[in-house]
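First up is the structure itself, then whatever we jot down about it.
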Amino acid sequence: MPTGNSYSTIQIVLKDGYYSYANINSAVQATLISSGAYLINADGDNVFYFNLSENATYYSCQIDLSPVPTSLPSGWTRPPTGLYSTSGTGLPLGFSFVPKLTIDNSEFGKIIGFEAGTYPTQSLYTLQSILSPIPPQINPVSSYQLRCSLVNNPYCIPDDILTTFNTAGTTIGQLVSYQPNEFCWVDVPNGSYASITITVVDQEERFAKLNDTNMLISLIIRQKK
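Taken in order, the sequence shown gives residues 46 to 270; the numbers are from my numbering.
Here it is in structure tokens:
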């Protein structure tokens with residue numbers, strides 16, 4: 046955030062969870078409040094100079110960066126503590142520079158559609174609206190694969206995929222129920238088996254992180270004709 050003759054770095058860490066654009070923006074604003082990197086307008090509302098939102102028209106994530114004033118607007122007040130408080134390093138001097146966003150985690154960058162780097166790269170003092178150059182993956186999991194150590198599926202790679210499904214029609218915290226319309230029989234190689242291993246992975250073959258371990262999977266095994 047611009048302050049004095051330089052910038053002050055405010056680190057933002059998102060805890061593990063499911064986030065929408067609004068959730069990410071709220072988490073950023075909460076950190077800005079705790080750091081005192083905001084002002085309070087005449088109506089008593091907090092004013093932030095960073096905003097992250099969805100731009101459905103361009104299928105992008107949009108980041109809006111507003112110039113931070115060099116002096117307190119009439120009727121406005123400073124936060125009680127932190128960066129822009131009376132005891133902090135203060136507002137920028139000379140020019141109303143906009144904040145900069147530095148993405149140092151490439152995986153988070155994929156979620157909002159930005160490569161690792163600093164945006165904007167230069168110190169600017171006019172409103173900046175930046176669209177993500179890469180389609181954002183705000184929900185990085187589009188489908189799941191159910192893999193079974195018993196099966197030998199000649200039509201899939203890897204060949205232990207029993208079926209695939211997604212969470213369409215549900216939201217976080219709701220029960221995911223998948224029932225195929227018809228059975229798709231898959232061969233089980235001849236042999237003797239002491240156990241069956243069922244694995245759930247996403248479309249990138251990453252193990253699914255299941256917070257709720259209450260799960261029911263029914264397997265139907267029949268004699269091959």
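Glycine included, C-beta positions come from ideal geometry on N, C-alpha and C.
- If you keep only unbroken beta strand (DSSP E) runs of at least 3 residues inside the stretch 46-124, you get 95-100 and 105-110.
- The stretch 92-103 makes no contact with the stretch 221-230; the number of CB pairs closer than 8 Å stays below 3.
- CA-CA distance, SER132 to ALA253, rounds to 47 Å.
- Looking at the backbone, the Cα of LEU138 and that of LEU117 are separated by about 12 Å.
- Distance check between ILE206 and each of SER187, ASP247 and THR171 places ASP247 closest, using alpha-carbon atoms only.
- Within the same chain, LEU136 and SER141 come within 7 Å of PRO114 by CB-CB distance, once the 5 residues on both sides are set aside.
- For SER237, no alpha helix (DSSP H) run applies, since DSSP gives it neither H nor E.
- Contact check for SER98 against ALA72 fails: the beta carbons are separated by 9 Å or more.
- Here GLY81 is buried. Its C-beta has 16 or more other C-beta atoms within 10 Å.
- Here ILE148 carries a strand assignment [DSSP, helix/strand/coil].
- DSSP places LEU220 outside any beta strand (DSSP E), giving it a letter other than H or E.
- SER237 and TYR63 have their C-alpha atoms spaced approximately 42 Å apart.
- Taking the CA atoms as reference points, VAL186 sits about 18 Å from LYS60.
- Between the stretch 118-126 and the stretch 82-90, the count of C-beta pairs closer than 8 Å reaches three or more; the two stretches touch.
- The Cβ atoms of THR163 and LEU146 lie closer than 9 Å to each other.
- Here ILE175 is actually not in contact with ILE156; their C-beta atoms are around 16 Å apart, not less than 8 Å.
- Counting other Cβ atoms within 10 Å of its Cβ, GLY158 reaches 16 or more and is therefore classed as buried.
- DSSP places ILE202 outside both helix and strand once states are collapsed to three, so it counts as coil.
- Beta-carbon to beta-carbon, CYS193 and ILE241 are separated by about 7 Å, close enough to satisfy the 8 Å threshold.
- Beta-bridge partners of TYR189 (DSSP): PHE210 and ASP247.
- One thing to note: ILE108 has its Cβ no nearer than 9 Å to the Cβ of LEU77.
- Setting aside the 5 residues that flank it on each side, TRP230 is surrounded in the same chain by ARG267, each with a C-beta closer than 8 Å to its C-beta; the list follows chain order.
- Short of 6 Å from the beta carbon of PHE210, and not among the five residues preceding or following it, lie these beta carbons of its own chain, in chain order: TYR189 and TYR223.
- The alpha-carbon separation between ASP257 and SER65 amounts to approximately 21 Å.
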